[in-house]
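To start, the structure under review is shown below, and the notes come after it.
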Amino acid sequence: MFDKVYDVIVVGGGHAGSEAAAAAANMGSQTLLVTMNLQNIAQMSCNPAMGGIAKGQIVREIDALGGYSGIVSDTSAIQFKMLNKSKGPAMWSPRVQSDRMRFAEDWRMLLEQTENLDFYQETVTGLVVNAGAVKGVKTSLGVEIKAKSVVLTNGTFLNGLIHIGEKNFGGGRAGERAATGITEQLINLGFESGRMKTGTPPRVDGRSLNFSKMIEQPGDSVPEKFSYSDLTTPLKAQRSCHMSYTSTEVHELLKEGFDRSPMFNGRIQSLGPRYCPSIEDKINRFADKDRHQIFVEPEGWNTVEYYINGFSTSLPEDVQFKALRAVKGFEKVKFFRPGYAIEYDYFPPTQLTHSLETKLVSGLFFAGQINGTTGYEEAASQGLMAGINASRKVQEKDPFILKRNEAYIGVLIDDLITKGTEEPYRMFTSRAEYRTLLRQDNADIRLTPKGHALGIVGEKRLRRMEEKHSKAEAFVTFFKTQSVKPEEANPVLEGKDSAPIRQSDKMFKIFSRPNIGIEDVRKFTAVESYIREKGLDREEIEQAEIQVKYSGYIAKEKNNADKLTRLEYVKIPPDFDYSQIKSMSYEAREKLKKVQPATVAQASRISGVSPNDISVLLVYMGR
78 MFDKVYDVIV VGGGHAGSEA AAAAANMGSQ TLLVTMNLQN IAQMSCNPAM GGIAKGQIVR
138 EIDALGGYSG IVSDTSAIQF KMLNKSKGPA MWSPRVQSDR MRFAEDWRML LEQTENLDFY
198 QETVTGLVVN AGAVKGVKTS LGVEIKAKSV VLTNGTFLNG LIHIGEKNFG GGRAGERAAT
258 GITEQLINLG FESGRMKTGT PPRVDGRSLN FSKMIEQPGD SVPEKFSYSD LTTPLKAQRS
318 CHMSYTSTEV HELLKEGFDR SPMFNGRIQS LGPRYCPSIE DKINRFADKD RHQIFVEPEG
378 WNTVEYYING FSTSLPEDVQ FKALRAVKGF EKVKFFRPGY AIEYDYFPPT QLTHSLETKL
438 VSGLFFAGQI NGTTGYEEAA SQGLMAGINA SRKVQEKDPF ILKRNEAYIG VLIDDLITKG
498 TEEPYRMFTS RAEYRTLLRQ DNADIRLTPK GHALGIVGEK RLRRMEEKHS KAEAFVTFFK
558 TQSVKPEEAN PVLEGKDSAP IRQSDKMFKI FSRPNIGIED VRKFTAVESY IREKGLDREE
618 IEQAEIQVKY SGYIAKEKNN ADKLTRLEYV KIPPDFDYSQ IKSMSYEARE KLKKVQPATV
678 AQASRISGVS PNDISVLLVY MGR
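Counting along the sequence shown from 1, when you hit position 585 you're at 662 in this note's numbering, and nothing is skipped either side.
In structure tokens:
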């Protein structure tokens, strides 16, 4: 049945698995995607949305590198919002509300159109490992499939256990069974494992809700899109979300079920996501707050199903129902399904290298929730990187690694493998020390040349990026070289309560003022003429504006990044013996021994390793 040896086998067809399979196949590797149910490829298991703060930047980066998440987010979007628009561009984060069914369908169609990619529906129960290298997988039917590399993207399925109140049952997702066997085998091979939990809210019937009692949350009046490609277009029509609030009455009703809550009665021991807590967790942790926001999100264009964001819970279903009925607009609510919590196995990511390959087994890669992360976007980006690197491993090429000053994806992976995680890891803008450089608007400029060099981004995409970049640069130069006279500038400046000029001045200087935006300088005849003559589009104009307004910050951050990345080039030999450095603290030696950092810069980011320890290390390395 499977007589050939695949280059790459991807286990699991969620967000990580789908991106991994697409990346490996697009790089020319013969790839097989094995998943428990082919109908659930790229299923949105939790909220029907992509992007958000820092997550939107990741989706843009995936797209710039040739992944599919941005394209599918656009084709299945029902609403678009650019978050944090009131702050500086480093904080702007795109987000879409998605049509859940269409999202999975569009993903499957894209994968089916991808060359070099085969599919197989079955449960993988183990790996074939010989002499410290992976050689394939075994399935529940006893089928052995040979491969040169394997990417595990098991999501919440490894020994998954679903909790609703005092009831619990095995499952990787509602209505789907758990996967067993892989964890046990990996532990036998010497891997360390742990347990994590996540939760999901109830889904309800929109026909039973009174939206007039809620606050409407529409999309942007001029929506944008995720993908830099010309395969998608911005939305013409959008569906609104709605917002309501819990109350002290709701909180009291929820508390009635706390004695039957698996989170409080000790049934669940594992840690859940700190930044996406359950409603019972919120009430317990933030006892001083008498209300919490609830977002009522449609699941698609035509369905009546709604996702109740902010009401994630594992309380008994009768408690969930009673409490939700006390929320404004939910007085007559009907449930499609109750919320639940799920516990699952993960493997601390300090057991991986920067390529997401395991240190213990050659050719074996981990991506997604198996690494202790939470979120579709975090999973998808790891899948993309694992798929690229599994393919490059087979092709006997060096791993593809993104640095912390190159991409949020680089920050994510470096954080995971250097610091590990004891709670589900999610990305925030605050985790990136170079966030002014890592904006959502320039992900294509940063990463499309790299995607093209890898062979997963076409020539057309590269040329479009180069055109955008050069047009924006030329527009910035125009502002630096062109002057404007007082009689033309002052009416605009006075209209913005900005000090008038007494003599002609460079447009760049005026544009750099904090209260002057592109809509103001477009009132200058020369600017509007330039835009029309050169045929500048919205992206090119926005790029130029950011470069003008934030040029000082960008230059400063780039300088800091250059200084700090020098240590990234100081490699540590893989067999370096830390026990010989007696003048280094015991904790630092132990941590360095465990993590095995590839560079001195990575070593400096390990918690418990001091600047003094780094100085000692550099001396021992002859620096």
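Don't be surprised by glycine CBs; every beta carbon is placed ideally from N, CA and C.
Quantities reported herein were computed from a predicted structural model and do not represent experimental measurements.
- Taking a 10 Å sphere around the C-beta of threonine 325, we find fewer than 16 other C-beta atoms and assign the residue as exposed.
- The segment 406-488 contains, as complete beta strand (DSSP E) runs of 3+ residues, the segments 412-414, 417-423, 441-443 (chain order).
- For alanine 463, same chain residues with a beta-carbon under 6 Å away, outside a window of 5 residues either side, are Ala97, Val228, Leu433, Phe442, Ala444 in chain order.
- Arg503 is the residue among Ser656, Gln472, Arg503 whose C-alpha sits nearest the C-alpha of glycine 128.
- Per the Cβ contact rule, the segment 203-223 is not in contact with the segment 348-368 (fewer than 3 Cβ pairs under 8 Å).
- Relative to the Cα of leucine 429, the nearest Cα in the group Glu394, Pro476, Asp597 belongs to Pro476.
- Distances from the CA of tyrosine 322 to each of Ser687, Ser338, Lys366, Leu669 were compared; the closest alpha carbon is that of Lys366.
- Residue Gly213 holds the alpha-carbon nearest to the alpha-carbon of isoleucine 259 among Gly213, Asp282, Ile118, Val672.
- DSSP places lysine 162 outside both helix and strand once states are collapsed to three, so it counts as coil.
- Looking at the backbone, the Cα of phenylalanine 556 and that of phenylalanine 601 are separated by about 11 Å.
- Nearest to serine 589 by C-alpha distance, out of Lys640, Leu570, Ala603, is Leu570.
- In the DSSP assignment, methionine 320 forms a beta bridge with Ile292, Phe372.
- In this structure the segment 510-519 touches the segment 634-652; the number of beta carbon pairs closer than 8 Å is three or more.
- Closest option to glutamate 455, judged by alpha-carbon separation, among His319, Lys244, Thr230: Thr230.
- Only buried fits arginine 481, as 16 or more other CB atoms lie within 10 angstroms of its CB.
- In this structure the segment 393-400 does not touch the segment 371-384; the number of beta carbon pairs closer than 8 Å is below three.
- Secondary structure note for glycine 528: its alpha helix (DSSP H) is the uninterrupted segment 520-531.
- When the alpha-carbon of alanine 484 is set against those of Arg344, Ser226, Ile522, the nearest one is in Ile522.
- In the displayed model, tyrosine 502 falls within a strand according to three-state DSSP.
- Here the segment 527-538 does not lie against the segment 594-614, with fewer than 3 beta-carbon pairs under 8 Å apart.
- The three-state reading of DSSP puts arginine 280 in strand, counting E and B together.
- Of the candidates Met159, Gln459, Ile447, the residue whose Cα lies closest to the Cα of asparagine 236 is Ile447.
- The straight-line gap separating the alpha-carbon atoms of arginine 284 and tyrosine 453 is approximately 29 Å.
- If you look at phenylalanine 196, you'll find it in the beta strand (DSSP E) that goes 194-198.
- Pairwise C-beta distances place the segment 129-143 out of contact with the segment 553-568, as fewer than three of them are shorter than 8 Å.
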